[in-house]
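This note's numbering applies: residue 50 is where the sequence shown begins, and numbers increase by one. The structure appears below as structure tokens.
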Amino acid sequence: MIKLKNVSKFYYSKGVIASGFSKVSLDFKIGEFVAITGESGSGKSTLLNVISGLDSYEEGEMYVKGQETSHYIESDWEDYRRKYIGNIYQNFNLITSYTVYQNIELVLILNGLTQKEAKPKILELLKKVNLEKFKNTKVSKLSGGQKQRVSIARALAKDVPIIIADEPTGNLDKRSAESIIKLLSEIAKDRLVIIVTHNYDQVEEYVTRKITMHDGKVLEDKVLKKVEEQNIIENNYKNIRFFNELKLGIRNTFNVFPKFILLFTVYAFIVVALMGEYSAFRKEEYQNSKYGSNYVFQDTSDNKIIIKKSDKSEILDSDFEKISKLKNIDYIAKNDLLTEEYKNIVTEGYTLTVGGYVKSILQFKGKVDIGRLPESDNEIVVMGQKDDYYLANRYDTLLNSEYYIDDYYGLPQEDKTKIKIVGIKYYEEGVYKDYELYFSEKLVQEIGNNINRRDSKIKVNFMGTNYDSVTYQSNFRVTPNKNVPSGQAYISENYNYYCEKSNCLNKDITVNVKNIYFQDAIALKITKTYNRKNIEKVLNINKITDDEFKENYDGSIFINSDDYYSLFNKGPYQAGIYVKDVQQIDKTVADLKNLGFETYPIKDVIIESGSMQALRIIKIIVTIIFIITLFFITYFIIKLILKSRNIYFSTIRMLGASKKVARHLLIIELFIIANLAFAAFVIIAQLNRINILNIDFIDTVNTYFHLNDYILMYIILIVMSLLISEKYAAKLFKTSVMAAYREEV
Ligand code: ADP
Ligand code: MG
């Protein structure tokens with residue numbers, strides 16, 4: 050069955066070569082019960098380890114069923130051990146945290162049996178070694194003799210032809226020793242049993258052959274009883290089933306409770322450190338984003354989304370209705386252009402001017418510091434710095450003056466809306482911003498229309514020619530007048546020159562309006578002409594001077610006020626949506642897209658300054674270094690904790706687990722613990738969210754973490770666990786089983 054031909058084993062340690070045994074030639078048959086004796090250090094254990102495939106040999110050749118083994122690689126030895134070898138050790142090498150039953154079950158599971166298939170086998174074996182009563186006892190509680198019976202049962206659990214026992218009775222009292230030897234002799238009937246013993250007398254009456262070793266050499270090889278070569282019972286092992294691997298992994302996770310708590314604590318530490326660092330990073334990112342700027346938009350509130358309809362059409366009240374029903378909407382600036390608008394309000398004659406960004410009173414929060422909140426559409430609130438001269442000292446004047454919006458150039462005074470400042474509110478200390486003027490929704494709309502007017506190109510088509518209508522010159526300037534009937538236009542009599550027979554009456558004139566959002570036109574009939582003399586009467590206005598006539602009136606096209614304003618009272622086409630919770634803004638953007646809008650979240654169009662970008666890169670590098678450092682710290686801590694597990698892993702490998710299986714078991718264990726730690730963190734975070742717990746740092750996590758961030762953290766954690774397992778496994782399993790085992794025992 051096994052044949053050694055001039056086999057030698059050397060040990061290399063610290064540059065010194067020691068001989069384990071040399072030039073040993075032996076032949077073993079199934080059915081033999083071989084005792085190896087010899088003084089300590091003579092090479093007995095080394096020989097057994099080589100025969101067991103646990104250790105390598107350097108010289109000669111070992112044959113298994115006539116096949117050479119010198120070319121074997123680790124996986125071949127794994128295969129060999131699983132097929133042929135059962136080991137019994139002096140110090141038992143049982144898994145002390147497992148019960149008797151579990152120790153035997155382990156071998157069977159590692160050999161691909163289901164737990165159900167294993168059960169009858171285990172019970173039978175326990176009967177054979179007379180341990181039925183101790184089935185569920187932890188191995189650590191057994192006596193030496195009992196432990197050795199468990200090892201024998203375990204060695205027999207897989208049907209292997211060779212049982213190798215290194216001083217199996219070395220730690221036992223005389224009586225236990227005797228029963229163990231007897232048990233082994235029974236086993237030897239259809240197997241090859243090789244035992245090493247110091248006490249040859251004890252085994253003499255049972256063994257069939259005696260080998261004496263001395264100084265690494267075979268001194269004597271004596272056959273005491275002739276045996277017939279028996280048929281080989283080969284262990285047709287399978288690979289461990291996935292579910293059993295998982296079950297074993299879970300068993301190992303919780304089996305030694307202090308170790309579990311220790312590993313869990315380490316992982317909890319990693320999770321907290323990772324989350325803490327990353328949430329701090331996120332917080333900073335977020336705060337930096339608020340300090341960015343944009344060349345187009347003045348209002349860089351990060352909670353703002355600018356929208357347009359996908360078809361570029363006017364946004365209707367029904368659209369706003371739908372938007373207002375979405376979650377997380379704080380305020381809708383129906384005309385977004387206004388939020389970018391800096392407006393002056395002026396007293397008549399421009400003696401007082403107050404300028405500020407246009408806001409809706411609906412956006413106003415809190416109370417005013419001076420005066421009161423508006424009660425009518427024409428009342429406004431001003432917000433500015435407390436140390437501003439006017440707001441602090443001259444507010445009486447501000448509150449008691451009559452203002453107009455300084456935007457109506459070219460419009461008649463009576464078309465301008467009178468407004469009053471009724472309240473003043475100061476910014477918080479340390480906030481330095483321009484004034485903000487809070488108008489009623491009606492005024493906001495009026496300002497919006499006015500912007501449409503300001504931003505439109507107005508052309509007058511008269512007698513086949515287009516003329517630009519601009520506010521800074523009176524020629525062809527289209528001007529509203531209440532006295533002109535709808536659908537009609539009054540023009541200067543000078544224009545008669547362009548018409549046949551110098552008569553423009555009843556001729557057509559068209560006013561075209563065009564801007565980036567819309568275009569419109571109105572066709573009018575010329576029904577009157579005016580001159581210096583009749584202008585006051587024709588337009589029903591107060592007396593004007595000759596200069597005023599020349600500068601502001603002559604050449605203008607007067608049309609009906611309602612006709613005029615209807616050309617511009619349109620839109621809005623671009624609105625600003627402010628959300629309540631910026632962290633949820635992406636959801637709102639998606640909702641708005643679903644409603645058919647194009648969206649421009651302000652936070653996405655903010656430009657960071659160069660120094661901020663540099664800072665950010667440094668931050669990212671620091672975070673990455675932090676994570677790498679964390680990885681190594683954890684690796685070393687986990688390595689220390691797992692040191693106690695090395696025996697376990699060496700043992701299961703001696704039992705026939707492949708490197709791969711051992712590595713899987715380790716990975717499963719760390720994976721479970723990592724997940725538990727992560728889950729614990731998520732639960733605590735949720736408790737914090739609903740205020741059952743109140744931990745500051747977790748509040749930060751709750752505020753700045755999205756699902757994405759959790760997923761990222763989870764991936765980092767799992768990858769870290771995998772890397773740790775891999776690194777650890779690579780180190781632990783790089784050597785032959787014995788070498789790994791020796792390092793640890
Ligand atoms: P025995 O089991 O007969 O007492 P061993 O097989 O344990 O003897 O040892 C045989 C020889 O190999 C001894 O000289 C011993 O010092 C040496 N040896 C055993 N293990 C190692 C090792 N790991 N490193 C170096 N030398 C070793
Ligand atoms: Mg020994």
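Cβ coordinates follow ideal geometry from the N, Cα and C atoms, glycine included. It should be emphasised that the depicted structure is a prediction, and the values quoted were computed from it without experimental measurement.
In the three-state reduction of the DSSP assignment, GLU478 falls in the coil class, being assigned neither a helical nor a strand state. Taken through DSSP and simplified to helix, strand or coil, ASP557 comes out as strand. The residues THR257, in chain order, have a CB closer than 7 Å to that of LYS274 in the same chain once the five nearest residues on each side in sequence are set aside.
Exclusion of TYR106 from the 7 Å shell around ligand 1 follows from its C-beta lying no nearer than that to any non-hydrogen atom of the ligand. The beta carbon of LEU440 sits closer than 6 Å to the beta carbons of GLY433, ILE473 from its chain, once the five residues preceding and following it are set aside; these are given in chain order. Put simply, the residues with a CB less than 7 Å from any heavy atom of ligand 1 are TYR60, SER62, ALA67, SER68, GLY69, PHE70, GLY87, SER89, GLY90, SER91, GLY92, LYS93, SER94, THR95, LEU96, VAL245, MET262, GLY265, ARG791, in chain order. Comparing alpha-carbon positions, the option among LEU162, GLY193, GLY265 lying closest to ILE85 turns out to be GLY265. Short of 8 Å from the beta carbon of TYR391, and not among the five residues preceding or following it, lie these beta carbons of its own chain, in chain order: GLN347, GLY404, GLY405, TYR406, VAL407, ASP483.
For ASP215, the shortest C-beta to heavy atom distance toward ligand 2 is below 7 Å. No Cβ-Cβ contact shorter than 8 Å links VAL431 with ILE378. Listed in chain order, the non-local C-beta contacts of SER234 below 7 Å within the same chain comprise PHE82, TYR255, local neighbours out to five positions each way being set aside.
A straight-line Cα-Cα distance of about 20 Å links LYS582 and VAL527. Judged by DSSP secondary structure, ILE281 falls outside any beta strand (DSSP E); it is assigned neither H nor E. For the pair ASP351 and ASP612, the Cα-to-Cα distance works out to about 40 Å. In this model, ASN643 and LYS491 are separated by some 29 Å (Cα to Cα). Short of 6 Å from the beta carbon of GLY604, and not among the five residues preceding or following it, lie these beta carbons of its own chain, in chain order: SER523, ASN524, SER541. Cβ neighbours of VAL267 within its own chain (closer than 8 Å, five residues either side excluded): VAL73, SER74, LEU75, ILE260, THR261. Annotated as proximal: LEU641 and ILE356, with beta-carbon spacing under 8 Å.
For SER94, the uninterrupted alpha helix (DSSP H) segment begins and ends at 93 to 100. Within the model, the alpha-carbon separation for ILE747 versus MET762 is close to 14 Å. When the beta-carbon positions are compared, THR95 and ASP104 come within less than 8 Å of each other. In the three-state reduction of the DSSP assignment, ASN643 falls in the helix class, which pools H, G and I. The stretch 281 to 289 and the stretch 122 to 137 touch, with no fewer than 3 CB-CB distances between them shorter than 8 Å. Sixteen is the threshold: when 16 or more other Cβ atoms of the shown chains lie within 10 Å of the Cβ of ALA726, as they do, the residue is buried. Across the structure, ASP456 and ASN499 are spaced so that their CA atoms are roughly 7 Å apart. Shown here for LEU411: same chain residues with a beta carbon closer than 7 Å to its own, the five before and five after excluded, namely TYR380, GLU490 in chain order. GLY102 sits away from LEU53, with the two beta carbons spaced by 8 Å or more. Taking a C-beta distance under 8 Å as the contact criterion, GLU647 and SER367 do not qualify as a contact pair.
In this structure, the straight-line span from the alpha carbon of ILE677 to that of ILE666 is close to 17 Å.
Considering only GLU123, GLY64, TYR133, the residue with the shortest C-alpha distance to LYS78 is TYR133. Residue pairing for ASN724: DSSP places it in no beta bridge.
Judged by DSSP in its simplified three-state form, THR637 adopts helix. Distance check between THR396 and each of ARG421, GLN537, ILE454, ASP426 places ILE454 closest, using alpha-carbon atoms only. For GLN522, the three-state secondary structure derived from DSSP is coil. Positions of the alpha helix (DSSP H) runs, each at least 4 residues long and wholly inside the stretch 209 to 289, are given as 223 to 236, 249 to 252 in order along the chain.
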